[in-house]
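Presented below is the structure to which this report refers.
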Amino acid sequence: MKNTSRTTLKDQVYVQLFTDIINGVYSADTVLTEKFLMEKYQMSRAPIREALLQLTGKKFLVSIPRQGYKIMCPDKKLIMELQRYRAIMEPAFLERSADRIKAEDLRELRDICEQYAGCPSDDYMTRWRHNCKFHLKIFSLNENMYAYEILKNILYVETIYFVQAKVFSTMDLHLAVVDYLEKKDIPMAIKLLEADIDHLIAKA
Numbered sequence: 113m114k115n116t117s118r119t120t121l122k123d124q125v126y127v128q129l130f131t132d133i134i135n136g137v138y139s140a141d142t143v144l145t146e147k148f149l150m151e152k153y154q155m156s157r158a159p160i161r162e163a164l165l166q167l168t169g170k171k172f173l174v175s176i177p178r179q180g181y182k183i184m185c186p187d188k189k190l191i192m193e194l195q196r197y198r199a200i201m202e203p204a205f206l207e208r209s210a211d212r213i214k215a216e217d218l219r220e221l222r223d224i225c226e227q228y229a230g231c232p233s234d235d236y237m238t239r240w241r242h243n244c245k246f247h248l249k250i251f252s253l254n255e256n257m258y259a260y261e262i263l264k265n266i267l268y269v270e271t272i273y274f275v276q277a278k279v280f281s282t283m284d285l286h287l288a289v290v291d292y293l294e295k296k297d298i299p300m301a302i303k304l305l306e307a308d309i310d311h312l313i314a315k316a
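Residues in the sequence shown are numbered consecutively from 113, following the numbering used here.
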């Protein structure tokens, strides 16, 4: 039987620790240990360890054997490389999957845009989350789960950099991509998707 109490505690630690990471509470060279986090968040070892494993799996932390965990703080060079990779990969996959797009897919994409529009202007984490949902939804249409996991991991790596830098995509470009997909103008939709990714490259 699932221990809902432990799951809840793990989620609490995850949210608190992730929020502190995003807000710059810990410096890039901080080594986080289970003992330190147990004292800081007043939690037992089990939920602390589970939260650390989840954050490590999402590429927010890296495990240092016999020491603890360090924050994954990608530098600008890595971010530029990842963005250039995305600028090649995502448009190419959209071109290949364009004939599979259904009305419900377009509705879901438009819903994501509406959720994005409803975000407070200073809620950079939620904006980034909706940005990721938009790109992952488009990418999922290709039905290549291996490539999908690669993109998801790239977005995880980029999260801390872009949220801390307060950089995000514009909803207008996302909406325009959906508009042109609805019109079956795939070349223009691809150009706009490229422009959306390039926008973040310019801001990085």
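For each residue, glycine too, the CB sits at the ideal point set by N, CA and C.
key: Assumed close pair Y260, F172 - CB separation to whole angstroms, cut-off 8 Å   = One-based indexing of the sequence shown puts residue 260 at position 148. One-based indexing of the sequence shown puts residue 172 at position 60. Not quite, the Cβ-Cβ distance comes to about 19 Å (not below 8 Å), so this is no contact.
ask   = Does the stretch 136–150 come within contact of the stretch 178–193, defined as at least 3 CB pairs closer than 8 Å?
value = As far as the Cβ criterion goes, the stretch 136–150 touches the stretch 178–193, which means the pair count is three or higher.
ask   = Can you give the Cα-Cα distance for S209 and H247, rounded to whole angstroms?
value = Reading the sequence shown from its first residue, position 97 is the one you call residue 209. Reading the sequence shown from its first residue, position 135 is the one you call residue 247. If you take the alpha carbons of S209 and H247, they lie about 14 Å apart.
ask   = Name the DSSP bridge partner or partners of Y181?
value = The residue labelled residue 181 in the question sits at position 69 within the sequence shown. Beta-bridge pairing links Y181 to L144, S175.
request  = Only counting runs of 4 or more residues, tell me where the alpha helix (DSSP H) segments fall wholly within the stretch 185–270, in order along the chain.
outcome  = 188–209, 215–229, 236–252
query = In its own chain, which residues sit with a C-beta less than 8 Å from the C-beta of I313, not counting the 5 before and 5 after it?
reply = Here residue 313 is taken as the residue at index 201 of the sequence shown, counted from 1. Counting only Cβ-Cβ distances below 8 Å, and skipping sequence neighbours, we find M192, Q195, R196, A199.
ask   = With 16 as the cutoff for other CB atoms within 10 Å, does K122 come out buried or exposed?
value = In the sequence shown, counting from the first residue as 1, residue 122 sits at position 10. So K122 counts as buried.
request  = Return the chain-ordered list of same chain residues with a C-beta closer than 8 Å to the C-beta of A229, the five sequence neighbours on each side being excluded.
outcome  = Stepping through the sequence shown from its first residue, residue 229 is reached at position 117. Only M283 meet the Cβ criterion.
query = Which residue from N265, K315, H286 puts its Cα closest to that of L167?
reply = By one-based count along the sequence shown, residue 167 stands at place 55. Ranking the options by Cα distance to L167, first place goes to N265.
key: Beta-carbon proximity list for Y236, same chain, < 7 Å, skipping 5 on both sides   = If you number the sequence shown from 1, residue 236 lands on position 124. Result list for Y236: V275, K278, F280, in chain order.
task = In angstroms with no decimal places, state the Cα-to-Cα distance between C244 and R157.
result = Taking the first residue of the sequence shown as 1, we reach residue 244 at position 132. Taking the first residue of the sequence shown as 1, we reach residue 157 at position 45. Each residue's alpha carbon lies about 31 Å from the other.
ask   = Whose CA, out of P203, R212, G169, K249, lies closest to the CA of A307?
value = The residue you call residue 307 lines up with position 195 of the sequence shown. Of P203, R212, G169, K249, the residue nearest in Cα terms is P203.
key: Beta-carbon gap between C225 and L293 smaller than 8 Å   = Along the sequence shown, one-based indexing puts residue 225 at 113. Along the sequence shown, one-based indexing puts residue 293 at 181. Going by C-beta atoms, C225 is not nearer than 8 Å to L293.
message = Among N135, D217, K170, whose alpha-carbon lies nearest the alpha-carbon of L253?
response = Within the sequence shown, residue 253 is the residue found at index 141, counting from 1. Comparing Cα-Cα distances from L253 to each of N135, D217, K170, the minimum goes to D217.
key: R219 classed as buried or exposed, judged by whether at least 16 other C-beta atoms fall within 10 angstroms   = One-based indexing of the sequence shown puts residue 219 at position 107. When all chains shown are included, R219 counts as exposed.
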